[in-house]
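**Student:**
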Amino acid sequence: MQQRRGNDNIRQYRKPLNINLGMVIFGAIFVYISICVWLYFFDSKHIEPYTVKMGSLSQENLFTGIALRTETVVNSDYSGYINYYAREGERLGSGQLVCTIDESGQLREMINEQNADNTALSETDLRELKTGISSYCSGFETGSFESVYDFKYNLEGTVLKLANINVLENLSEINESVSGQPINLCRTPASGIIVYSVDGYEGKTAEDITTADFSQENYEKNQLISNELVTAQDPLYKLSTEENWSIIIEVDRSKAAELEEEEYVKVRFLSNQYESWGQVTILDKGKDGVFARLDFNNSMITFVTERFIDIELITDAESGLKVPNSAITSKEFFLVPKAYVTKGGNSGQTGVLRQVAGENGALTTEFVATQIYEETQEDYYLDNSALRVGDHLIMPDSNEEYTVSKSASLIGVYNINKGYADFKEVQILQQNDEYAIIKSNTTYGLSVYDHIVLDAETVDPNEMIYE
Numbered sequence: 048m049q050q051r052r053g054n055d056n057i058r059q060y061r062k063p064l065n066i067n068l069g070m071v072i073f074g075a076i077f078v079y080i081s082i083c084v085w086l087y088f089f090d091s092k093h094i095e096p097y098t099v100k101m102g103s104l105s106q107e108n109l110f111t112g113i114a115l116r117t118e119t120v121v122n123s124d125y126s127g128y129i130n131y132y133a134r135e136g137e138r139l140g141s142g143q144l145v146c147t148i149d150e151s152g153q154l155r156e157m158i159n160e161q162n163a164d165n166t167a168l169s170e171t172d173l174r175e176l177k178t179g180i181s182s183y184c185s186g187f188e189t190g191s192f193e194s195v196y197d198f199k200y201n202l203e204g205t206v207l208k209l210a211n212i213n214v215l216e217n218l219s220e221i222n223e224s225v226s227g228q229p230i231n232l233c234r235t236p237a238s239g240i241i242v243y244s245v246d247g248y249e250g251k252t253a254e255d256i257t258t259a260d261f262s263q264e265n266y267e268k269n270q271l272i273s274n275e276l277v278t279a280q281d282p283l284y285k286l287s288t289e290e291n292w293s294i295i296i297e298v299d300r301s302k303a304a305e306l307e308e309e310e311y312v313k314v315r316f317l318s319n320q321y322e323s324w325g326q327v328t329i330l331d332k333g334k335d336g337v338f339a340r341l342d343f344n345n346s347m348i349t350f351v352t353e354r355f356i357d358i359e360l361i362t363d364a365e366s367g368l369k370v371p372n373s374a375i376t377s378k379e380f381f382l383v384p385k386a387y388v389t390k391g392g393n394s395g396q397t398g399v400l401r402q403v404a405g406e407n408g409a410l411t412t413e414f415v416a417t418q419i420y421e422e423t424q425e426d427y428y429l430d431n432s433a434l435r436v437g438d439h440l441i442m443p444d445s446n447e448e449y450t451v452s453k454s455a456s457l458i459g460v461y462n463i464n465k466g467y468a469d470f471k472e473v474q475i476l477q478q479n480d481e482y483a484i485i486k487s488n489t490t491y492g493l494s495v496y497d498h499i500v501l502d503a504e505t506v507d508p509n510e511m512i513y514e
């Protein structure tokens, strides 16, 4: 007999299967995230919702305009060194002294000597200087540093006016003491506001303005400075002789139509926040552009030294439901007379009675539920997915028939409050490049806080939406 081996009954021990719950949960999350990432990158449709809110459009109402005034440039009849005695921006009467032209060049030295002996300013003089400095500092912007030079020349004019009073009182004596050529007195030919600069825009009318005139890169302003040498026919100063003046702005055709309808528009001057009403005249020059002329009868003296003026047009902005233009689309609907629309079915839905042929050829009617999307005085706009061209509709409690044929389109958006793309008609009050203002509280339209599809091209009518 064979002997049994002692290890014949020994079997291999199997370890029990231990399931790690944490690893299972992690694996499920990983699979879910992977599916979401795959759908995001490989699914062709990305439907993004948008919440409707009340708002208004921020219109582009900021313009840089060209100021046009009745301006007269006064040229010199003499050659010599010029000295100004009137402050820029001051109103002078006819025949008042503006400057002197010293053909010998000796007057400058005598002015310096007399001012050195009497440099004290009165309290009134100091107050005038402080007011000018404070006004400039409050409105200074680093982006318009060139205005520093205008302020400098304006301040110099103020100082000359205050410091040379004694010189003017003794001008006859000074003229007698100067040897050689006399000192020529230059007086105003008419009353007006004095300005010590010329730029070539003097004498231009609104009809003369072109798009190129708005370019400030090529704009040259010739500042007329005291103690400079001038020759005959050189400009000495200019006078703005009338209070009526204009600002010309360049606009597009839609803005031009809007302004022309208003006739008068409220204008805010950005340099000092002053507001005034301007009368609107539209100048359509075809290919050369469209311009608006704003006419004013006040405040000319405030901006008399400025040619380019930054303004804001204050207009009434429409308010309503604000939606992106990308959400707006159009859809075709059947027009059905109101008398053929009724309520039926177990749920009391709105619909029509359609004539159909039975199995034996007998004509019967069936109720077709359809949603109303808009209405006119005579017709309802009904969904064209439930009806077909040529369908015969029966008027309730009557034998009259109507054949479905007439259709029209509506402007609207896709509402997704109920989880599917439901078309809602909208009435646009105002629109710019990005948003539209929609009339609120319409019967078949939107309400505030409705959820709509941000991009109407990414969804089909009645498509189920999974956000």
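For the sequence shown, the positions run 48 to 514 when my numbering is used. C-beta: ideal position from N, C-alpha, C; glycine also.
(1) Have a look at residue 255 and residue 248 and give me their C-alpha separation to the nearest angstrom.
(2) Which residues share a DSSP beta bridge with residue 467?
(3) Compute the beta-carbon to beta-carbon distance between residue 516 and residue 375, rounded to the nearest angstrom, for a pair I have assumed lies under 8 angstroms.
(4) CB residue 467 to CB residue 510, shorter than 8 angstroms?
(5) When burial is assigned at 16 or more other CB atoms within 10 Å of the CB, is residue 113 buried or exposed?
(6) With a 10 Å radius around its C-beta and 16 neighbouring C-beta atoms as the bar for buried, classify residue 499 as buried or exposed.
(7) Measuring only the C-alpha atoms, how far is residue 136 from residue 145?
(8) Please classify residue 174 as buried or exposed, where buried requires at least 16 other C-beta atoms within 10 Å of its C-beta.
(9) Please state the DSSP three-state secondary structure of residue 181.
(10) Give a yes or no on whether the minimum CB-CB distance between residue 427 and chain B is below 8 angstroms.
(11) Okay, do the region 111-126 and the region 273-292 touch, 3+ Cβ pairs below 8 angstroms being the bar?
(12) Quick check on DSSP: helix, strand or coil for residue 348?
(13) Where residue 79 and residue 67 are concerned, what is the direct C-alpha to C-alpha distance, given to the nearest angstrom?
(14) Between which two residues does the alpha helix (DSSP H) carrying residue 286 extend?
(15) With C-beta atoms as the reference, is residue 380 less than 8 angstroms away from residue 428?
(16) Answer with buried or exposed for residue 473, where buried requires no fewer than 16 other C-beta atoms within 10 angstroms of its C-beta.
(17) Just to confirm, are residue 148 and residue 277 a CB contact at a threshold of 8 angstroms?
(18) Does the Cβ of residue 471 have 16 or more other Cβ atoms within 10 Å, making it buried, or fewer, making it exposed?
(19) Cα separation between residue 104 and residue 368?
(20) Kindly indicate which three-state DSSP category residue 48 falls into: helix, strand or coil?
(21) What's the C-alpha gap between residue 85 and residue 266?
(22) Can you look up residue 333 in the DSSP assignment and give me helix, strand or coil?
(23) Helix or strand or just coil, what does DSSP make of residue 243?
(24) Can you tell me where the alpha helix (DSSP H) holding residue 302 begins and where it ends?
(25) Going along the chain, which residues of its own chain have a beta-carbon closer than 7 angstroms to the beta-carbon of residue 48, five neighbours each way excluded?
(26) Between which two residues does the beta strand (DSSP E) harbouring residue 128 extend?
(27) Name the one or two DSSP bridge partners that residue 233 has.
(28) Between which two residues does the beta strand (DSSP E) containing residue 5 stretch?
(29) What residue does the beta strand (DSSP E) around residue 462 start on, and which one ends it?
(30) Given this structure, state the Cα-to-Cα distance separating residue 275 from residue 150, to the nearest angstrom.
(31) What is the DSSP secondary structure of residue 369, reduced to helix, strand or coil?
(32) Residue 329 and residue 303 look like a contact to me (Cβ under 8 angstroms); what is the Cβ gap, rounded to whole Å?
(33) Looking only at its own chain, which residues have a Cβ that is under 7 angstroms from the Cβ of residue 260, when we skip the five neighbours before and after it?
**Tutor:** So, to answer that:
(1) Approximately 10 angstroms between the Cα atoms of the pair.
(2) DSSP lists 511 as partners of residue 467.
(3) For residue 516 there is no data in the structure shown, the boundaries of the chain being 48 and 514.
(4) For the pair residue 467 and residue 510, the CB atoms are nearer than the 8 angstroms cut-off.
(5) By the neighbour-count rule (16 or more Cβ atoms within 10 Å), residue 113 is buried.
(6) Residue 499 comes out buried.
(7) For residue 136 and residue 145, the distance between alpha carbons rounds to 12 angstroms.
(8) Residue environment for residue 174: exposed (fewer than 16 other C-beta atoms within 10 angstroms of its C-beta).
(9) Residue state, collapsed to three classes: helix.
(10) In the displayed structure, chain B is absent; only one protein chain is listed.
(11) The region 111-126 vs the region 273-292: in contact.
(12) Three-state result, residue 348: helix.
(13) Residue 67 has its alpha-carbon roughly 19 angstroms from the corresponding atom of residue 79.
(14) In the DSSP assignment, residue 286 falls outside any alpha helix (DSSP H) and lies within the beta strand (DSSP E) extending over 282-287.
(15) Yes, these two residues count as a Cβ contact at 8 angstroms.
(16) Classification for residue 473: buried.
(17) Taking 8 angstroms as the Cβ cut-off, residue 148 and residue 277 qualify as a contacting pair.
(18) It is buried - the Cβ of residue 471 has at least 16 other Cβ atoms within 10 Å.
(19) Straight across, the Cα-Cα distance linking residue 104 with residue 368 is about 10 angstroms.
(20) Confidence is the limiting factor: at residue 48 the pLDDT is only 46, short of 50, which leaves the residue's position unreliable, though a coordinate-based value still follows. Of the three classes helix, strand and coil, the one that applies to residue 48 here is coil, per DSSP.
(21) Looking at the backbone, the Cα of residue 85 and that of residue 266 are separated by about 59 angstroms.
(22) DSSP places residue 333 in helix when its eight states are reduced to three.
(23) Residue state for residue 243 is assigned as coil, using DSSP reduced to three classes.
(24) Segment 300-309, the alpha helix (DSSP H) holding residue 302.
(25) With a pLDDT of only 46 at residue 48, under the threshold of 50, the placement of this residue in the model should not be trusted, and no figure is reported.
(26) First-last of the beta strand (DSSP E) with residue 128: 127-131.
(27) Secondary-structure assignment with DSSP links residue 233 through a beta bridge to 146.
(28) Past the boundaries of the shown model lies residue 5; the chain is included only from 48 to 514, so the question cannot be answered.
(29) Looking at the DSSP string, the run of the beta strand (DSSP E) that includes residue 462 is 454-462.
(30) Roughly 12 angstroms separates the two Cα atoms.
(31) Strand at residue 369.
(32) About 5 angstroms separates the beta carbon of residue 329 from that of residue 303, a gap short enough to meet the 8 angstroms contact definition.
(33) In its chain, beyond the 5 residues on either side, 113 have a beta carbon closer than 7 angstroms to the beta carbon of residue 260.
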